[in-house]
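Chemist: Pasting a structure here, questions to come.
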Amino acid sequence: MAAAPNPRPPLRILTAVPICDGHDSAVSTINMELARHGFEVIYLGYHCPVDAIVRAAIQEDVHVVGISSYNGGHIVFFKEVVDQLRARGARDIPVFGGGGGTITKADERVMQRQGTDRIFHAGTPLADIMALIRRDYARPLKPNPKLRGDRALARAITLAECRAGSPDPATTPVRARAHSPAITQAGSGDPALQRFPSRSFVVGVAGPGGAGKSTLIDELTSRFLRQNPAGRIAILANDPSHPGTGGAILGDRVSMIYAQDDRVFFRSLATRGSLTGLSAAAPDAIDILRRSGEFDLILVESVGIGQESDPFRLFGQKGPLVDAMLFVLAPYYGGRLQLQKIGLLNGADFVALNKCDHSMAHTARAEIAARLDANGKGQRLFGTVAAQHHDPGVDTLYAALAERGGLTVTPGGEKPCQLVVAP
Ligand code: B12
Ligand SMILES: Nc1nc2c(ncn2[C@@H]2O[C@H](COP(=O)(O)OP(=O)(O)OP(=O)(O)O)[C@@H](O)[C@H]2O)c(=O)[nH]1
Ligand SMILES: [Mg+2]
């Protein structure tokens, strides 16, 4: 059963370390503290270029961007982030940061003239930083008919998250949700919605925590981008909120290399008390993405799940949320008994045994193949090494997904390889 909805959605902050800077220890401390204070942190990692930060800020519809910079290039870097946000219609997203003693008060004055909001200097107690962020940056994100493109899509999803957390969902009827002004802002108002009712192929990706779901999604994304030179892909990545504080570190974006592309719309969702393995807003968010008519493929990553979850409603009364489901396992799932207990293996269309570079993979393949065979549904098992680029197992998996979804396979793109394991 889902926990009580949260009437005040948490503040969302994007944090990152600039390009040519590997000092991520400070930002890790800040991230943990932010999450402990109930904020949702979308962490982009270190060595981040400006355009990746700006794209993420827009798609994640964050309240504020926080940059941790120690490489000495802060005056130029922060200005470029501010300028690109303005150029992409997001001047309302403030930028702040810190960098200990490497950013002086004099530097801060220059940076503020260029549009940076503030710098947190060395010696500022963490409690003061948290209090200031809550005081100055928490604001409701409202419908805004002026938003365009990814900004409008992102805002529509934010509003869906607010509705999912509304104290009285009865005040937001389902029809009103599907035709909310924010979706119309996305450039896909009612006529367009009807024109593209089911263009998107939606694939749910589930599996235990750390099995490699995000890494695999990133590799599938790279194949999609190469084989569909004009297509767009959306990724909805669900991560858990902390049950005590309500905060979250939404870290799936860090595992993505290929998702750093304007043809990829990537949105992180915190579960905010939903215990299904997805945010309560995920069904609406999928609907918004489908109806936008923008995306050929939509991949939805669940949180790392256990033995009883059914995040994509494969077995529910309401019908499945997705067109197909990919279950990802790593070789260290336990043993045959644990496999038997994973109900989702009965409903998965595709199963990937990832981390096939692991020494236990050989036995795991045989056990999983036997488990799927017993289902008698012709489910396909793919052995993958997502951590390796150009892995033939991932090629094969992508080819199978593309075939099922009717996606374009450009001649000259990767050729489907031999199936690694088939029951
Ligand atoms: C730890 C450290 C390292 C570690 C990094 C570990 C890691 N994974 O992060 C190691 C040893 C690997 C390292 C390596 C290097 N380092 Co170093 N490093 C430091 C050190 C000692 C501390 C930085 C830190 O983490 N502080 C902890 C944070 C929490 O505190 P703070 O900095 O005071 O920040 C406060 C606020 O600014 C705020 N804050 C900071 N960021 C953010 C972000 C947000 C969003 C918010 C809200 C707040 C906030 O939080 C704190 C609250 O009080 C500094 C020296 C120093 N004392 O600052 C040098 C320092 C940054 N390093 C330096 C250098 C030169 C290097 C190297 C190039 C050395 C070399 N020649 O190899 C390499 C580069 C590594 C790389 N790949 O980029 C120089 C940078 C000089 C410059 N830019 O002009 C410094 C200043 C040391 C010096 N005096 O020479 N380094
Ligand atoms: N050895 C090996 N490591 C991998 C492989 N695929 C992913 N990893 C690593 O496994 C770790 C977890 O990968 P993620 O993609 O974040 O896993 P996830 O399932 O999305 O994790 P959650 O979202 O936290 O549940 C990372 O350190 C990856 O680099 C693989 O095929 N082989
Ligand atoms: Mg993940």
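All residue numbers for the sequence shown refer to the numbering used here, where the first residue is -3 and numbers rise by one. Ideal Cβ positions, reconstructed from N, Cα and C, are used throughout, including at glycine.
By the DSSP assignment, the beta strand (DSSP E) with A230 in it spans what residues?
Modeler: Within the sequence shown, numbered from 1, the residue matching residue 230 stands at position 234. Taken as a continuous stretch (DSSP letters only), the beta strand (DSSP E) holding A230 covers I229 to D235.
Chemist: Three-state secondary structure (DSSP) at F220?
Modeler: The residue given as residue 220 occupies position 224 in the sequence shown. Looking at F220 - three-state DSSP - the assignment turns out to be helix.
Chemist: On the premise that I38 lies in contact with R249, defined as a C-beta separation below 8 angstroms, what is that separation, rounded to the nearest angstrom?
Modeler: Residue 249 sits at position 253 when you count from the first residue of the sequence shown. Residue 38 sits at position 42 when you count from the first residue of the sequence shown. About 6 angstroms; that satisfies the 8 angstroms criterion.
Chemist: Assuming S64 contacts T11 under a Cβ cut-off of 8 angstroms, what Cβ separation, rounded to an integer in Å, is found between them?
Modeler: Translated into the one-based positions of the sequence shown, residue 64 becomes position 68. Translated into the one-based positions of the sequence shown, residue 11 becomes position 15. Yes, they are in contact, since the Cβ atoms of S64 and T11 sit about 7 angstroms apart, within 8 angstroms.
Chemist: Touching or not, the region 119 to 137 and the region 239 to 255, by the rule of three or more beta carbon pairs under 8 angstroms?
Modeler: No contact exists between the region 119 to 137 and the region 239 to 255.
Chemist: Measure from the alpha carbon of M252 to the alpha carbon of each residue in T241, S264 and G242, then state which is nearest.
Modeler: Taking the first residue of the sequence shown as 1, we reach residue 252 at position 256. The candidate whose alpha carbon is nearest that of M252 is S264.
Chemist: Does the region 62 to 77 come within contact of the region 149 to 164, defined as at least 3 CB pairs closer than 8 angstroms?
Modeler: As far as the Cβ criterion goes, the region 62 to 77 does not touch the region 149 to 164, which means the pair count is below three.
Chemist: Taking the alpha-carbon of I229 as reference, which of D146, I89, L325 and R309 has the nearest alpha-carbon?
Modeler: Here the question's residue 229 lines up with position 233 in the sequence shown. Of D146, I89, L325 and R309, the residue nearest in Cα terms is D146.
Chemist: With distance defined between alpha-carbon atoms, name the residue in I125, I282 and D306 nearest to A344.
Modeler: Locating residue 344 in the sequence shown gives position 348, counting from the first residue. Checked all of I125, I282 and D306; the closest Cα to A344 is D306.
Chemist: Here's the rule I'm using: 16 or more other beta-carbon atoms within 10 Å means buried, otherwise exposed. How should F311 be labelled?
Modeler: In the sequence shown, residue 311 corresponds to position 315, counting from 1. Result: exposed.
Chemist: Provide the residue span of the beta strand (DSSP E) that contains M252, from first to last.
Modeler: Here the question's residue 252 lines up with position 256 in the sequence shown. Looking at the DSSP string, M252 is not in any beta strand (DSSP E), and its letter there is neither H nor E.
Chemist: Can you give the Cα-Cα distance for T217 and I231, rounded to whole angstroms?
Modeler: For the purposes of this step, residue 217 is taken as the residue at position 221 of the sequence shown. For the purposes of this step, residue 231 is taken as the residue at position 235 of the sequence shown. For T217 and I231, the distance between alpha carbons rounds to 9 angstroms.
Chemist: So, helix, strand or coil for I453, using DSSP?
Modeler: With the chain running from -3 to 419 in the structure shown, residue 453 is simply not present.
Chemist: Tell me which same chain residues have a C-beta within less than 8 angstroms of the C-beta of V77, skipping the five on either side of it?
Modeler: For the purposes of this step, residue 77 is identified with residue 81 of the sequence shown, where counting begins at 1. Only V46, I49, V50, V61, I63 and V91 meet the Cβ criterion.
Chemist: Count the CB pairs spanning the region 25 to 45 and the region 290 to 298 that are closer than 8 angstroms, and state whether there are at least three.
Modeler: With the cut-off at 8 angstroms, the region 25 to 45 and the region 290 to 298 do not touch.
Chemist: Does the Cβ-Cβ distance between T241 and R82 come in under 8 angstroms?
Modeler: For the purposes of this step, residue 241 is taken as the residue at position 245 of the sequence shown. For the purposes of this step, residue 82 is taken as the residue at position 86 of the sequence shown. Contact flag unset, no.
Chemist: From D88, P236 and R130, pick the residue whose C-alpha is nearest to that of K138; which is it?
Modeler: To locate residue 138, count along the sequence shown from 1; it is residue 142. Looking at the Cα atoms, D88 is the closest of the given residues.
Chemist: Can you say whether P225 is buried or exposed, counting buried as having 16 or more other CB atoms within 10 angstroms of its CB?
Modeler: As a working note, residue 225 is residue 229 in the sequence shown. Result: exposed.
Chemist: Does the distance from the C-beta atom of A326 to that of P204 stay below 8 angstroms?
Modeler: Numbered from its first residue, the sequence shown carries residue 326 at position 330. Numbered from its first residue, the sequence shown carries residue 204 at position 208. Yes, the Cβ-Cβ distance between A326 and P204 is below 8 angstroms.
Chemist: Can you give me the start and stop residues for the beta strand (DSSP E) that G200 sits inside?
Modeler: As a first step, residue 200 must be located in the sequence shown, where it is residue number 204. Counting along the chain, the beta strand (DSSP E) containing G200 begins and ends at F197 to A202.
Chemist: Report the rounded CA-to-CA distance for R422 versus K101, giving the unit in angstroms.
Modeler: Limits of the chain in this structure are -3 at one end and 419 at the other, which puts residue 422 out of reach.
Chemist: At what residue ranges does the region 291 to 339 contain a whole run of the beta strand (DSSP E), taking only runs of 3 or more?
Modeler: DSSP runs (the beta strand (DSSP E)) wholly in the region 291 to 339: 293 to 297 and 320 to 325.
Chemist: Report the partner residues of R114 according to the DSSP bridge assignment.
Modeler: By one-based count along the sequence shown, residue 114 stands at place 118. Its beta-bridge partners are F92.
Chemist: DSSP three-state call for T392: helix, strand or coil?
Modeler: By 1-based counting over the sequence shown, the position of residue 392 is 396. In this structure, T392 counts as helix in the three-state DSSP scheme.
Chemist: Are there 16 or more other CB atoms within 10 angstroms of the CB of E297, so buried, or fewer, so exposed?
Modeler: Mapped onto the sequence shown, residue 297 falls at position 301. Answer is buried; the Cβ neighbour count reaches 16.
Chemist: Under 7 angstroms from any heavy atom of ligand 4, does the C-beta of D146 make it?
Modeler: No copy of ligand 4 occurs in the structure displayed; its ligands are ligand 1, ligand 2 and ligand 3 alone.
Chemist: For E215, I'd like the list of residues in its chain whose CB is within less than 6 angstroms of its CB, leaving aside the five on either flank, ordered along the chain.
Modeler: Working through the sequence shown from its first residue, we reach residue 215 at position 219. The answer, listed in chain order, is A382 and V390.
Chemist: Taking the beta carbon of K314 as the centre, do at least 16 other beta carbons fall within 10 Å, making it buried, or is it exposed?
Modeler: Your numbering for residue 314 matches position 318 in the sequence shown. Classification for K314: exposed.
Chemist: May I ask whether a heavy atom of ligand 3 can be found less than 7 angstroms away from the beta carbon of G218?
Modeler: Position 222 of the sequence shown holds residue 218. Sequence inspection shows Ser at residue 218; the Gly mentioned does not correspond to that position. Flag unset: Cβ of S218 not near ligand 3.
Chemist: Considering only their Cβ atoms, is the gap separating L335 from Y329 smaller than 8 angstroms?
Modeler: Position 333 of the sequence shown, counting from 1, holds the residue named residue 329. Position 339 of the sequence shown, counting from 1, holds the residue named residue 335. Yes, the pair counts as a contact, with Cβ atoms nearer than the cut-off.
Chemist: Hey, how far is the Cα of A86 from the Cα of P239?
Modeler: In the sequence shown, residue 86 corresponds to position 90, counting from 1. In the sequence shown, residue 239 corresponds to position 243, counting from 1. Rounded to whole angstroms, A86 to P239 spans 32 angstroms at the Cα level.
Chemist: Provide the residue span of the beta strand (DSSP E) that contains S64, from first to last.
Modeler: If you number the sequence shown from 1, residue 64 lands on position 68. Residues V60 to S64.
Chemist: Within a Cβ cutoff of 6 angstroms, which residues of the same chain sit near H43, ignoring the five residues on either side of it in sequence?
Modeler: As a first step, residue 43 is located in the sequence shown; it is residue number 47 there, counting from the start. The residues are I15.
Chemist: When you compare only the Cα positions, how much space is there between E399 and G41?
Modeler: Indexing the sequence shown from 1 puts residue 399 at position 403. Indexing the sequence shown from 1 puts residue 41 at position 45. Roughly 34 angstroms separates the two Cα atoms.
Chemist: Let me know if G208 comes out buried or exposed under the rule of 16 or more other beta-carbons within 10 Å of its beta-carbon.
Modeler: Residue numbering aside, residue 208 sits at position 212 when the sequence shown is read from its first letter. So G208 ends up on the buried side.
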